[in-house]
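Q:
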Amino acid sequence: IKSSPDAVADFNKGKANALKFLLGAVMRETKGRVDPQTIEKMLKDALNKDA
Numbered sequence: 265i266k267s268s269p270d271a272v273a274d275f276n277k278g279k280a281n282a283l284k285f286l287l288g289a290v291m292r293e294t295k296g297r298v299d300p301q302t303i304e305k306m307l308k309d310a311l312n313k314d315a
């Protein structure tokens, strides 16, 4: 989230693709070793808390 402030801003504007971009970044960093549904929920929670 900290490394992609533009995607966070887009998410806060209601752009759903921004969440997919952030999810993809996490999947790349973890080489796909995490559950995408869990990460998506964690991202939503973190982004909504910051909003």
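When we follow the numbering used here, the leftmost residue of the sequence shown carries the number 265, and every step to the right adds one. Backbone N, C-alpha and C fix where the C-beta goes; we use that ideal spot for every residue, glycine too.
1) How many angstroms separate the CA atom of K277 from the CA atom of L283?
2) What does the Cβ neighbour count give for A310, buried or exposed, with the cut at 16 atoms within 10 Å?
3) Is the separation between the beta-carbon of P300 and that of L286 shorter than 8 Å?
4) With a 10 Å radius around its C-beta and 16 neighbouring C-beta atoms as the bar for buried, classify A273 as buried or exposed.
A: Walking through what the data contain:
1) Each residue's Cα considered, the two are about 11 Å apart.
2) It is exposed - the Cβ of A310 has fewer than 16 other Cβ atoms within 10 Å.
3) Judged by their CB atoms, P300 and L286 are not nearer to each other than the 8 Å cut-off.
4) In this structure A273 is exposed. Its beta-carbon is surrounded by fewer than 16 other beta-carbon atoms within 10 angstroms.
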